[in-house]
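What follows is a set of notes on a single structure, which appears directly below.
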Amino acid sequence: MDVVGDFSKTDVTVNMDGFVATVEIHRPPHNYFNQAMVTSIADAYEFLANETECRAIILASEGKSFCAGSSVVTTGQLTTEEQQVVPSGTATGRNHIYEQGTRMMLGEIPVIAAIQGAAIGGGLGLALTADFRVAAPEARFAANFSRLGFHHGFGLTVTLPQLVGGQAAMNLLLTGRRVKADEALQLGLCDEVVDLAGLRARAGVLANEIASSGPLSVRAIRRTMRRGLVEQFRTAVDREQVEQEWLRKTADFREGINAAAARREPDFQGS
Numbered sequence: 000m001d002v003v004g005d006f007s008k009t010d011v012t013v014n015m016d017g018f019v020a021t022v023e024i025h026r027p028p029h030n031y032f033n034q035a036m037v038t039s040i041a042d043a044y045e046f047l048a049n050e051t052e053c054r055a056i057i058l059a060s061e062g063k064s065f066c067a068g069s070s071v072v073t074t075g076q077l078t079t080e081e082q083q084v085v086p087s088g089t090a091t092g093r094n095h096i097y098e099q100g101t102r103m104m105l106g107e108i109p110v111i112a113a114i115q116g117a118a119i120g121g122g123l124g125l126a127l128t129a130d131f132r133v134a135a136p137e138a139r140f141a142a143n144f145s146r147l148g149f150h151h152g153f154g155l156t157v158t159l160p161q162l163v164g165g166q167a168a169m170n171l172l173l174t175g176r177r178v179k180a181d182e183a184l185q186l187g188l189c190d191e192v193v194d195l196a197g198l199r200a201r202a203g204v205l206a207n208e209i210a211s212s213g214p215l216s217v218r219a220i221r222r223t224m225r226r227g228l229v230e231q232f233r234t235a236v237d238r239e240q241v242e243q244e245w246l247r248k249t250a251d252f253r254e255g256i257n258a259a260a261a262r263r264e265p266d267f268q269g270s
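FYI, in numbering that gives the first Met the number 0 the residues of the sequence shown are 0 to 270.
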């Protein structure tokens with residue numbers, strides 16, 4: 000593989016093997032996301048589309064988890080970025096961490112996510128921006144926001160029901176339950192389940208199959224299939240931010256993150 004692009008000062012590496020690129024996150028063991036990380040991923044997608052002959056992308060990560068969302072569930076503390084309240088639908092709001100998901104959705108190159116472990120919260124949102132998901136048996140999926148007294152984000156309002164249907168999406172969002180790989184396959188959260196040792200290789204097979212098709216037609220098909228989806232995603236992100244802005248000020252939210260950090264059941268009071 001050849002290293003491409005200048006991402007040396009980020010938590011992301013970009014490598015090319017033929018027409019297939021691997022964008023890998025390096026924030027082990029759990030790859031908690033932050034503004035810089037998701038921005039770097041979106042930057043990498045745009046770079047590959049505009050500056051290389053890339054025809055398919057594998058999104059992967061180093062460590063135990065694919066992306067376990069926010070570190071708040073272990074520290075009990077919001078990061079500086081997460082404490083910032085930004086008016087949704089404004090220029091400032093458009094720079095919010097979830098807006099990087101919109102940039103990913105706008106990308107023209109198909110993405111296969113190789114999910115080796117937990118894809119939780121915003122990490123699930125990140126996984127669902129990809130076109131395909133190949134998972135190991137160790138993978139776990141959860142939209143755990145309600146268990147934190149919070150509202151989901153990263154466009155899950157759109158991407159989750161698109162894959163699993165409205166009823167299953169509502170179940171996952173309201174319960175916040177974790178889904179193992181086999182159930183995820185049945186639900187449609189992932190497309191294949193393969194042994195961990197062969198995960199990257201299987202993602203590579205699919206990526207190379209796509210790369211064997213006409214690159215212009217692949218981009219055109221992807222644009223057509225995602226027509227209107229980006230607009231729905233952006234509208235959803237704006238709405239998600241509205242709900243997050245007031246919920247983050249509640250006692251229930253503080254209880255939710257404290258309980259998660261202490262690994263205990265939350266005692267929500269509805270306040």
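Where a beta carbon is used, it is the ideal one built from N, C-alpha and C, also for glycine.
From the DSSP output, read off the bridge partner residues of ASP1.
Against the sequence shown, residue 1 aligns to sequence position 2. Looking at the DSSP assignment, ASP1 forms a beta bridge with MET15.
Near HIS151, what residues of its chain come up, given a Cβ to Cβ distance below 7 Å and the 5 sequence neighbours on each side ignored?
Stepping through the sequence shown from its first residue, residue 151 is reached at position 152. Hits under 7 Å: ALA142, PHE144, LEU172, GLU239.
Candidates ALA117, VAL157, ASP42, VAL11: which alpha carbon is nearest ALA138's?
The residue you call residue 138 lines up with position 139 of the sequence shown. Among ALA117, VAL157, ASP42, VAL11, the Cα nearest to that of ALA138 is on ALA117.
Could you please give the first and the last residue of the uninterrupted beta strand (DSSP E) stretch that includes LEU58?
Taking the first residue of the sequence shown as 1, we reach residue 58 at position 59. Note, LEU58: beta strand (DSSP E), 55–60.
When the Cα atoms are used, what is the spatial distance from PRO86 to ARG176?
Start at 1 with the first residue of the sequence shown, and residue 86 comes out as number 87. Start at 1 with the first residue of the sequence shown, and residue 176 comes out as number 177. Bear in mind that a pLDDT of 48 at PRO86, under 50, signals an unreliable position, so the model cannot answer this.
Compare the C-beta of ASN33 against all C-beta atoms of chain D and say whether one is closer than 8 Å.
Judged by its chain identifiers, the structure shown contains no chain D, having just a single protein chain.
Restricting to Cα atoms, I'd like to know which of ALA55, GLY121, GLY164 is closest to ASP16.
Sequence index remark: in the sequence shown, residue 16 carries index 17 (1-based). Closest by alpha carbon: ALA55.
Quick one: what does DSSP say PHE144 is sitting in, helix, strand or coil?
Here residue 144 is taken as the residue at index 145 of the sequence shown, counted from 1. Looking at PHE144 - three-state DSSP - the assignment turns out to be helix.
If you count every other CB in all the chains shown that lies within 10 Å of the CB of LEU155, and 16 or more means buried, which is it?
Along the sequence shown, read from residue 1 onward, the residue named residue 155 stands at position 156. Looking at its Cβ environment, which holds 16 or more other Cβ atoms inside 10 Å, LEU155 is buried.
I think ILE24 touches VAL11, with their Cβ atoms under 8 Å apart; what is that distance to the nearest whole Å?
As a working mapping, residue 24 is identified with position 25 in the sequence shown. As a working mapping, residue 11 is identified with position 12 in the sequence shown. Confirmed, about 6 Å.
Kindly list the residues whose CB is nearer than 6 Å to the CB of ALA134, restricted to its own chain and excluding five residues on each side of it in sequence; keep chain order.
As a working mapping, residue 134 is identified with position 135 in the sequence shown. If we look at ALA134 and ignore the five residues flanking it on each side, its Cβ neighbours are ILE114, ALA180, CYS189, VAL192.
From what residue to what residue does the alpha helix (DSSP H) around ARG199 run?
Working through the sequence shown from its first residue, we reach residue 199 at position 200. Element bounds for ARG199: 198–210.
Over the uninterrupted alpha helix (DSSP H) stretch that includes PHE46, give me the two end residues.
Position 47 of the sequence shown, counted from the start, is the residue given in the question as residue 46. Taken as a continuous stretch (DSSP letters only), the alpha helix (DSSP H) holding PHE46 covers 34–50.
Looking only at C-alpha atoms, which of GLU50, GLY62, ALA258 sits nearest to ILE108?
Residue numbering aside, residue 108 sits at position 109 when the sequence shown is read from its first letter. Nearest option by C-alpha distance: GLU50.
Who are the Cβ neighbours of ASP266 in its own chain at under 7 Å, not counting the five residues just before and after it?
On the sequence shown, residue 266 is found 267 positions in, with the first residue counted as 1. Excluding residues within five positions, the ones whose Cβ falls inside 7 Å are GLU254.
Indicate the three-state DSSP secondary structure (helix, strand or coil) for GLU264 in the structure shown.
Here residue 264 is taken as the residue at index 265 of the sequence shown, counted from 1. If DSSP states are grouped into helix, strand and coil, GLU264 belongs with coil.
Would you kindly work out how many angstroms separate the C-alpha atoms of VAL2 and ALA35, rounded to a whole number?
Taking the first residue of the sequence shown as position 1, residue 2 is located at position 3. Taking the first residue of the sequence shown as position 1, residue 35 is located at position 36. So the alpha carbons of these two residues sit roughly 20 Å apart.
Spatial neighbours of GLY88 within its chain, please: C-beta separation below 7 Å, excluding the five flanking residues on both sides.
Against the sequence shown, residue 88 aligns to sequence position 89. Reliability fails at GLY88, whose pLDDT of 48 lies under 50, so the model's placement of it is uncertain and the value that follows must be treated cautiously. Here the set comprises ASP237.
Report yes if the C-beta distance between GLY68 and PHE32 is below 8 Å; otherwise report no.
Start at 1 with the first residue of the sequence shown, and residue 68 comes out as number 69. Start at 1 with the first residue of the sequence shown, and residue 32 comes out as number 33. The answer is yes: Cβ separation under 8 Å.
Is THR128 near THR174, with beta carbons less than 8 Å apart?
Position 129 of the sequence shown, counted from the start, is the residue given in the question as residue 128. Position 175 of the sequence shown, counted from the start, is the residue given in the question as residue 174. Against a cut-off of 8 Å, the Cβ pair of THR174 and THR128 comes out as no contact.
Going by DSSP, which residues form a beta bridge with ARG23?
Here residue 23 refers to the residue found at position 24 of the sequence shown. What sits at residue 23 in the sequence shown is Glu, not Arg. Bridge partners of GLU23: THR12, ALA59.
Starting from the Cα of ILE57, find the closest Cα among ASP42, THR21, VAL178 and give me that residue.
As a position in the sequence shown, residue 57 is number 58, starting the count at 1. Looking at the Cα atoms, THR21 is the closest of the given residues.
On the CB-based measure, 16 or more other CB atoms within 10 Å of its CB, does SER60 come out buried or exposed?
Taking the first residue of the sequence shown as 1, we reach residue 60 at position 61. Its Cβ being crowded by 16 or more others within 10 Å, SER60 is buried.
Taking only three categories from DSSP, how would you classify ALA134?
As a working note, residue 134 is residue 135 in the sequence shown. In the structure shown, ALA134 sits in a strand (DSSP, three-state: E or B).
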